[in-house]
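Numbering (my numbering), first residue to last: 2 to 457.
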Ligand SMILES: Cc1ncc(COP(=O)(O)O)c(C=O)c1O
């Protein structure tokens, strides 16, 4: 039997339904990004402004996806549009370097402590694959260490460990030799130390400092401090994936908030103001590997080769510069953070009042909702979540995730992925109030349907 909320979703979206029929015959997999896949069909957005977006059928949604986390200032900020308009008139793609790229790099250097040098790429995934290459070249060691459940983009170089079962490849089509070069362990300091002690061929540990899958499985600052100490002790490079946290957790990302400086960092999303972009940044002595020395032997065999038609293209550059200028003030993060705090607190009040076994959590401008499916079990506490098991926190059953997302969507709110979202400087208290009403209705419908558990 089709749940009532799926019927309502379809009834609200006749044009969306037709578009999906066309997409299935044209777009491989029916969608442009796996996270957009959705039963019975994905959202098709027509336009967006501030904290809201409108689909092709005219349905308005309060958006907590925010361009996969790229839009700290909200959708279509006037200053970013103005900068793009000026840049576009001057010719929008040179395939040459230009002055603004240097200014953009200097802004990033000033904000991010690990950014002694900046190399631009086109996405977070490009940044993480480049980071893996640089780490191997610098250390002359071959393996990459990853924590279970951490995601750093879709490339062969890093994707192992992102999905349960964590020791299996997260995608078909990756060479066994590549998989063998990625060591995946639980985020446990004893296991980390033992691994670093025993395996002397590890070039780097790459992690999301806020925790696996943008903090779905959180990590504490103390844990990160120990990770910094151990990687330094064992001569292993520490690479922070700050694709989500960069410029969001603070103007200098997670590293400034925690006072921990990794050896390299991967930046994406907010860095280019919602246009395609990213960067690998790092210590000057490591990033020297990009330098042309004039020594043919060294430049041919020891240099990092790196290309990219659209690297630091003028439009991404100016969108990024305007956004980072604003991010440097700390104002957008403060607004986004207080909205997310109100959402998390409000959701927990509702879960308590409705006696639903669940917990809203997250740091900075991020929220996640853990929902328990087994009737009679207690809601996870914040302590349990913070020391959380990735299998449990990333393993909320598909019908719970889908029921949660779809019930929010039919009432006018959309998440980033799974059961979580991000806020922006454009979200208001009015958005919070509306979202909490929608959230309350959603969890009651799911409890009635027996999809989420009421406390005994
Ligand atoms: C933590 C993290 N790292 C890397 C990536 C990959 O970035 P991109 O989608 O720009 O390739 C993502 C994307 O969501 C991410 O969340």
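C-beta atoms are modelled at their ideal positions from N, C-alpha and C, and glycine is treated no differently.
Everything numeric in this text was worked out from a predicted model, so none of it was measured.
Provide the residue span of the beta strand (DSSP E) that contains residue i, from first to last.
i           : result
residue 121 : 118 to 122
residue 186 : 183 to 186
residue 367 : 367 to 372
residue 265 : 265 to 269
residue 12  : No beta strand (DSSP E) holds residue 12; the alpha helix (DSSP H) holding it covers 5 to 13.
residue 63  : 61 to 64
residue 70  : Taken as a continuous stretch (DSSP letters only), residue 70 belongs to no beta strand (DSSP E), being part of the alpha helix (DSSP H) at 67 to 70.
residue 155 : Careful: residue 155 lies outside any beta strand (DSSP E) and carries neither H nor E.
residue 147 : 144 to 148
residue 242 : 238 to 242
residue 40  : Premise fails: residue 40 is in no beta strand (DSSP E) and is neither H nor E.
residue 422 : 421 to 423
residue 54  : 53 to 56
residue 512 : Shown here, the chain extends from 2 to 457; a query on residue 512 therefore has no answer.
residue 283 : 279 to 283
Exposed or buried, what is residue i when buried is set at 16 or more other beta-carbons lying within 10 Å of its beta-carbon?
i           : result
residue 123 : buried
residue 192 : exposed
residue 306 : exposed
residue 176 : exposed
residue 396 : exposed
residue 319 : buried
residue 338 : buried
residue 10  : buried
residue 166 : exposed
residue 322 : buried
residue 130 : buried
residue 440 : buried
residue 2   : exposed
residue 76  : buried
residue 302 : exposed
residue 308 : exposed
residue 15  : exposed
residue 143 : exposed
residue 103 : exposed
residue 332 : exposed
residue 373 : buried
residue 220 : buried
residue 245 : buried
residue 210 : buried
residue 149 : buried
residue 325 : buried
residue 415 : buried
residue 434 : exposed
residue 432 : buried
residue 401 : buried
residue 97  : exposed
residue 61  : exposed
residue 351 : buried
Name the two residues that bound the continuous alpha helix (DSSP H) containing residue i.
i           : result
residue 139 : 125 to 140
residue 392 : 391 to 394
residue 257 : 254 to 259
residue 2   : First-last for residue 2: undefined, no H or E at that position.
residue 79  : 79 to 90
residue 207 : Per DSSP, residue 207 belongs to no alpha helix (DSSP H); it is in the beta strand (DSSP E), 203 to 208.
residue 109 : 100 to 112
Taking 6 Å as the cut-off, is the C-beta of residue i nearer than that to any heavy atom in ligand 1?
i           : result
residue 153 : yes
residue 245 : yes
residue 209 : yes
residue 269 : yes
residue 156 : no
residue 242 : yes
residue 33  : no
residue 125 : yes
Report, in whole angstroms, the separation of the C-beta atoms of residue i and residue j, which I expect to be a contact under 8 Å.
i           : j           : result
residue 444 : residue 386 : Their Cβ separation, rounded to whole angstroms, is 17 Å, which puts residue 444 and residue 386 out of contact at 8 Å.
residue 183 : residue 147 : 6 Å
residue 156 : residue 126 : 5 Å
residue 238 : residue 200 : At roughly 14 Å, the Cβ-Cβ gap does not stay under 8 Å, so residue 238 and residue 200 are not in contact.
residue 20  : residue 57  : 7 Å
residue 426 : residue 112 : With 8 Å as the limit, residue 426 and residue 112 do not qualify as a contact, their Cβ atoms being about 17 Å apart.
residue 159 : residue 207 : 6 Å
residue 363 : residue 421 : 7 Å
residue 365 : residue 256 : The Cβ separation is near 13 Å, so there is no contact.
Is there a C-beta anywhere in chain B that falls below 7 Å from the one on residue i?
i           : result
residue 326 : The question asks about chain B, but that chain is absent: this structure has only one protein chain.
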